[in-house]
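Residues in the sequence shown are numbered consecutively from 1109, following my numbering. Just so you know, even glycine gets a beta-carbon here, dropped at the ideal spot from N, CA and C. No experiment lies behind these values; they were computed from the predicted model shown. Take a look at the structure below.
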Amino acid sequence: MFNSRLTLSDEKATMVLNPVISKLAGKLVVLASASPRRLEILRNVGLRFEVVPSWFKETLDKSLFKAPHEYAVETAKQKALEVARRMPIKHLKTPDIVIGADTIVTVDGMILEKPVDKHDAYRMLSSLSGKEHSVYTGVAIVVCHEKENEEVDYQLIQFYEETKVKFADLSEDMLWEYINSGEPMDKAGGYGIQALGGMLVEYVHGDFLNVVGFPLNHFCKQLSLIYNHCTSSSDQKSESVHLSLNGTHPTSVLSQPTPNIPTQSSHGSSSIPKPSSASSSQTHLTHCSPSASPGHKVKRKGSDSEVSQSSWTLVNSLSKHTDGREAKLRDSENTLPLISSSGQLIEHDVTEHEDSEPRKEDLRRIGELIDGFKASKALFTAARLRVFDLLHRMPGLDAAQVAQEVKASVKGTECLLEACVSLGLLKSKERTYENTDLATSLLRSDACFSLHGYIQHCDDTLWPLFSHLESAVEEGHSQREKVVSNKPKDMLKDAFHNSQEAKLRFMNAMHCVAKVAGKSVATAFDLSRYKTACDLGGCTGAMACEFTKAHPGMSVTVFDLPAVAELSERFHPLHSNNRVSFVAGDFFQDELPKADLYILARILHDLTDEKLHILLSKIADVCKPGCGLLLSEIFLDEDRSGPSRGLLQALSMSEGKQRSATEYSVLLKSHGFITAQIRHTDNLLDAMFCIKA
Ligand SMILES: O=c1[nH]cc([C@@H]2O[C@H](COP(=O)(O)OP(=O)(O)OP(=O)(O)O)[C@@H](O)[C@H]2O)c(=O)[nH]1
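As structure tokens, then:
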């Protein structure tokens, strides 16, 4: 793991080392990247952020770019902008900062990205053998500023970093051995310098982390330029950028060498101090915001008070409407968004203090949290009444018709339907209702990726537990007994998986999660070398099925308790998959089926430390060197500040513990498993792939 050289978990150390990182605290910072390396690099320096991988397809026409780094910067920009534009619409929140990056390798005039298959990896690696090449990472930082009229202003800062790397001469054997390790597949140029690929490298000139995927040092310098040091220059032109929202690229309205491709140019860069390049890497600032003259006075929006602008920076802007309409170019200086030298947007005036009017975004956030339980229960109730199934079969019913079908009151049904519309679960037209796409794909009980069973489990099991949360916190243990004893006598037996019906409900919940998350987990790593896998505690076989789909040469044995194995037959058509088989047994007591890859999905978090070590030693005992272990859980951030999904789940857990990827790595290492790769999938479960040493 390359992060052994980067273990800055102490917040004070981070603040002293980089005050800018700490200035981002409290802001919604988003990393528009699925790269686990970028995530790790930024997490390791204490930056708190959400990961929203970009959907931008990396298909820009390379021939349009004069230099390779322009291509990387433009791709990074498109990745970041795609997320910045999507979030207000799809996630219903506007980030403060979105970071996008793109890493490429150039050799002999070619741009190498991630190989598409082993032969492509061979082509790339053989072209690098014995030569020096350049690795460029383009980075785009999009600063978003949501205004009262729901428009969003964007400030765009983009730059790149170059590092030179020299490869040793690689023999054919070495090349293929490396390719067959699976490591090259998700890496620019087909190698990972931080892992096995490091063995191929003779020297590195420049920023090592730039090769890994993120030029941290240059990034921090750029942040401090944004937040601390932008000097003013009255004659400087501000570059306004016009964002068209119909899927095309934003274009700069100032002179551009190539349409759609803002490149290093005169505008903006001259008055901005260039980051000092202590390393031998070349550093280039493509453009940065000009700033306002010291002492310039502006009126705060919605306020009569005048604010001295000496510390504010006028920034480049492109504006958009969150409803997707074409936005207008903004030309008045006063309407340009403002950023303070302390890193606050103008609405977050430094003169604000504890007793000033609460900020709108704070009120909105607290409102969302206070109402969160109402929203959950509205969803649970609509799912339980099968409203989404009904409206799938019969779209366009009015409230009275829905009420009649679900056997509920008209008044109550109408309130529920309207609430569901406000939550984006239903659409209404002339007082009739139909499912939104979200409800169609995730909430119908018969949808391929239905979460209906999991919602039922939340309503039946977790909801009652959470109503006793205060006692759970006071007493330090789960309140299962209390919940059970509150139930009528005939339900006592049923509670918490004791009866067959309860078992089936629980299995259905796990089945839903496995179906939704399974593909992301199964495809997270190159597992082509493994032919037999065993999914320990694999329940209905849904996860196993995804592994066989993703890996045509693999068969999977699902190992679970006899009662579960017996009931799993009900989850057809999984049993029609002849590469998934079921073996009944208890992994604490019985011999484990033989396999060269073991899968542990949603198992470890639920176990006490003692049980966990028993299970891991049993797996370690049956694994030969080279055997794989694929762990799938929600991985907590290294500083345990998120994700909320994992931390909230911990509140109702009885025995186990939520852990970060590093904590899991350490645990597995103590049983001889070395972490090869970690993937934050942006789905319900993350994944880690380890190899028995
Ligand atoms: O030595 C190393 N070189 C490169 C990498 C990793 O390679 C990829 C580069 O791909 P890209 O920039 O397109 O980023 P993606 O992984 O596709 O994620 P996005 O969602 O941001 O597009 C990158 O992951 C590097 O980390 C490496 O690991 N070692």
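Residues near residue i in its chain [Cβ-Cβ closer than 8 Å; skip 5 each side]
i	result
Met1282	Leu1308
Gly1305	Tyr1286, Glu1291, Pro1292, Lys1295, Tyr1299
Ser1558	Leu1550, Leu1551, Arg1552, Cys1620, Lys1623
Ala1386	Because Ala1386 sits at a pLDDT of 31, beneath the cut-off of 50, its placement in the model cannot be relied upon, and the following sentence gives the value as read from the coordinates. Cβ neighbours of Ala1386 beyond the five flanking positions: none.
Asp1277	Ser1237, Gly1238
Ala1801	Pro1733, Gly1780, Phe1781, Ile1782
Ligand 1 heavy atom lying under 7 Å from the CB of residue i
i	result
Asp1497	no
Glu1178	no
Ile1301	yes
Glu1148	no
Gly1297	yes
Gly1305	yes
Lys1272	no
Gly1646	no
Thr1211	yes
Ser1464	no
Arg1145	yes
Glu1269	no
Val1206	no
Val1137	no
Asp1794	no
Pro1660	no
Pro1203	no
Ser1141	yes
Glu1190	no
Lys1187	yes
Short Cβ contact (8 Å threshold) for residue i with residue j
i	j	result
Asn1543	Leu1505	no
Glu1240	Glu1166	no
Asn1208	Ser1143	In the sequence under discussion, the amino acid at residue 1208 is Gly, which differs from the Asn named in the question. No. Outside cutoff.
Val1260	Thr1202	yes
Asn1781	Leu1715	With the sequence shown as reference, residue 1781 is identified as Phe, and Asn is not the correct amino acid for it. Their beta carbons are not under 8 Å apart, which means Phe1781 does not touch Leu1715 by this criterion.
Asp1704	Ile1742	no
Leu1200	Tyr1299	no
Leu1493	Val1518	no
Ile1219	Tyr1179	yes
Leu1739	Leu1712	yes
Ser1586	Ser1752	no
Gly1754	Ile1799	no
Ala1192	Val1250	yes
Phe1696	Leu1724	no
Pro1176	Ile1205	no
Cys1528	Ala1555	no
Ser1607	Lys1590	no
Met1662	Tyr1638	yes
Residues near residue i by beta carbon distance below 6 Å, same chain, minus five either side
i	result
Gln1186	Phe1164
Asn1791	Ala1625, Ser1628
Thr1443	With a pLDDT of 29 at Thr1443, under the threshold of 50, the predicted position of this residue should be treated as unreliable, though the coordinate-derived value follows. Cβ neighbours of Thr1443 beyond the five flanking positions: none.
Lys1642	What sits at residue 1642 in the sequence shown is Cys, not Lys. The answer, listed in chain order, is Thr1665, Phe1667, Pro1701, Ala1703, Tyr1706.
Ala1248	Ala1184, Lys1185, Ala1188, Gly1208, Gln1266
Arg1787	Pro1144, Ala1632, Ala1795
Glu1441	Residue confidence for Glu1441 is low, a pLDDT of 28 falling below 50, so the modelled location carries little weight; the figure read from the coordinates is stated next. None.
Phe1173	Tyr1179
Leu1775	none
Contacts around residue i, its chain only, beta-carbon distance under 7 Å, and the 5 residues preceding and following it disregarded
i	result
Tyr1562	Ala1617, Cys1620, Val1621
Val1688	Gly1649, Ala1652, Cys1653, Thr1656, Val1664, Val1666, Leu1682
Glu1538	none
Val1319	Val1243, Thr1271, Val1273, Ile1301, Val1312
Gly1693	Phe1667
Ser1778	none
Lys1255	Asp1261
Phe1275	Leu1236, Ser1237, Gly1238, Lys1239, Leu1308, Val1309, Glu1310
Arg1146	Leu1139, Ala1209, Gly1321, Phe1322
Tyr1230	Leu1283, Ile1287
Asn1685	Cys1653, Thr1656
Pro1223	Ala1229, Met1232, Pro1292, Met1293, Gly1298
Beta-carbon separation (whole angstroms), residue i vs residue j, contact threshold 8 Å
i	j	result
Leu1150	Phe1157	6 Å
Cys1566	Phe1679	So it is not a contact: roughly 20 Å between Cβ atoms.
Thr1245	Asp1210	7 Å
Asp1551	Phe1496	Before going on, a small fix: residue 1551 reads as Leu here, not Asp. Right, their Cβ atoms sit about 4 Å apart.
Leu1744	Arg1767	6 Å
Leu1546	Leu1533	7 Å
Chain D within 8 Å of residue i, Cβ atoms only
i	result
Gly1754	As a matter of chain content, chain D is missing from the structure shown, which is built from one protein chain.
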